[in-house]
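Just below is one structure, and these are the notes that go with it.
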């Protein structure tokens, strides 16, 4: 059933999956809070201790989880768009490209270093998204080079910000700390 403004009336059977999502988010917040209890609260730079962010995230997840449960139990998500009638199957090769990028990053980050492994992840993910979108340029070597340069230009400043400015050790390719 749809309403006049393209929102879908949610039947009561569809409320359980929404409720389960809320329960999952709520439990994630509570589990994170249990883990945050063990983190030192000794204040560091700026008066904020290392447990500040875990507590902030756990509180926000708990609030969001409770809110999702409340929404689901009081009628569901009322502003959902109508389901599309497109019966096109999922584009699994795109999923494989993106997954390969993430898995290779996890496997090779200590070997290649942060910058090169994140560049590789970016290239593979963009290839998967381009192919899923049906872009013919995905197979051109020029696009691969542009993607590699773009990935490098994104990951290098992140690496340098974390290692040079925040003093957080990320795996590098060399011991110089610059790549």
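In UniProt numbering, the protein residues as written are 1 to 179. Think of the CB as a built atom: it goes at the ideal place given N, C-alpha and C, for glycine as much as any other residue.
Three-way DSSP call (helix, strand, coil) for residue i in this model
i	result
residue 147	helix
residue 2	Low confidence applies here, because residue 2 scores a pLDDT of 44, under 50, leaving its location unreliable; read the following figure in that light. Here residue 2 sits in strand by DSSP.
residue 18	helix
Proximity of residue i and residue j at Cβ, strictly below 8 Å
i	j	result
residue 162	residue 115	no
residue 49	residue 58	no
residue 65	residue 26	yes
residue 113	residue 172	yes
residue 105	residue 121	yes
residue 150	residue 69	no
residue 123	residue 156	no
residue 54	residue 32	yes
residue 99	residue 108	no
residue 137	residue 101	no
residue 39	residue 51	yes
residue 28	residue 56	no
| Taking only runs of the beta strand (DSSP E) that begin and end inside the UniProt domain "DUF1468" (21-171), which ones reach a length of at least 3 residues, in chain order? | none
| field | Meets three-Cβ-pair contact criterion under 8 Å: the region 128-139 and the region 87-97 | value | yes
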